[in-house]
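Chemist: Heads up: the sequence shown is residues 1 to 98, going by UniProt numbering. Structure provided below as structure tokens; questions to follow.
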Amino acid sequence: MTKPLWTVARPADLCWRDWDELGAIYDDGSGSTHLADALSIELLALLAQRPHSVTALVETLADALPENMGADIAAAFFERQLQALQDLALVRQLPPSA
1 MTKPLWTVAR
11 PADLCWRDWD
21 ELGAIYDDGS
31 GSTHLADALS
41 IELLALLAQR
51 PHSVTALVET
61 LADALPENMG
71 ADIAAAFFER
81 QLQALQDLAL
91 VRQLPPSA
């Protein structure tokens, strides 16, 4: 079974900036500005480059996670982060390829 891929919902509408531990995301499509932690900004930047699975995000961002966080906990963490970003219409899950 193929792992679902996530991507930025509307790349042309998004602009973000980070300052060490805090960042801001501006969505030109909705006119909304969102505060985010540095890891969420990094996650968004990765998804803007190309779609990623949760597993790929865990592998790519492993250095940004606490050392004692196992892969299963990290995957659950990123799934929650992705769901929160999806609730804000900033990211979306791609439909499975046939």
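Even glycine gets a Cβ: it sits at the ideal position worked out from N, Cα and C. None of the values given here were measured: they were computed from a predicted structure.
Which one or two residues does DSSP pair with I25 in a beta bridge?
Modeler: W16, H34.
Chemist: With a threshold of 16 other CB atoms inside 10 Å of the CB of G23, please say whether the residue is buried or exposed.
Modeler: So G23 counts as buried.
Chemist: How about K3 and T55: do their beta carbons lie closer than 7 Å?
Modeler: Against a cut-off of 7 Å, the Cβ pair of T55 and K3 comes out as a contact.
Chemist: On the three-state DSSP scale, how would you describe R80?
Modeler: If DSSP states are grouped into helix, strand and coil, R80 belongs with the helices.
Chemist: Determine whether the beta carbon atoms of P66 and T7 lie at a separation below 7 Å.
Modeler: Not a contact, by the Cβ cut-off of 7 Å.
Chemist: Answer with buried or exposed for Q83, where buried requires no fewer than 16 other C-beta atoms within 10 angstroms of its C-beta.
Modeler: Label assigned to Q83: exposed.
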